[in-house]
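Residue numbers (the working numbering): 12 to 155.
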């Protein structure tokens, strides 16, 4: 919908009378702010073209927003988060979103990889030292 993830949860919070809970309200406000930052970052990329590091920042923001959405949705829905399909509030849409939330932090590079890319390529920071650089693969430690 037009309100995005934050708007969706605001509606559910009102329905469940959780909109007066200060922790829920703070989470909803943070979610709305991250959503707006993501929207403006997207507009910035479209308007100026993609600059080095900006897509990585956008991906990090999306991962953070989805984690926050998961946490806020769970606190609003409570035990109803265990329901799915026709029995669930919102027909299980929020539950699907919560189950999907870890995905973006993994695919396309973990958050840590994205931070390294931003640091090295966008900020010009030195690469992390690699003690095994130049050594044959057979000489690198393996998981035991």
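From the three backbone atoms N, C-alpha and C, an ideal C-beta is built for every residue, glycine too.
Since the structure is predicted, the reported quantities are computational estimates derived from the model, not experimental observations.
Can you tell me whether residue i is helix, strand or coil according to DSSP?
i	result
residue 70	helix
residue 152	coil
residue 114	helix
Between the C-alpha atoms of residue i and residue j, what's the straight-line distance to the nearest angstrom?
i	j	result
residue 72	residue 45	7 Å
residue 43	residue 81	14 Å
residue 98	residue 91	9 Å
For a quick check, are the C-beta atoms of residue i and residue j less than 7 Å apart?
i	j	result
residue 52	residue 69	yes
residue 38	residue 83	yes
residue 86	residue 115	no
residue 64	residue 133	yes
residue 95	residue 103	yes
Report the residue ranges of all beta strand (DSSP E) runs contained in full by the region 78 to 108; include only those spanning at least 3 residues, in chain order.
none
Does the region 114 to 130 come close enough to the region 58 to 68 that 3 or more CB-CB pairs lie under 8 Å?
yes
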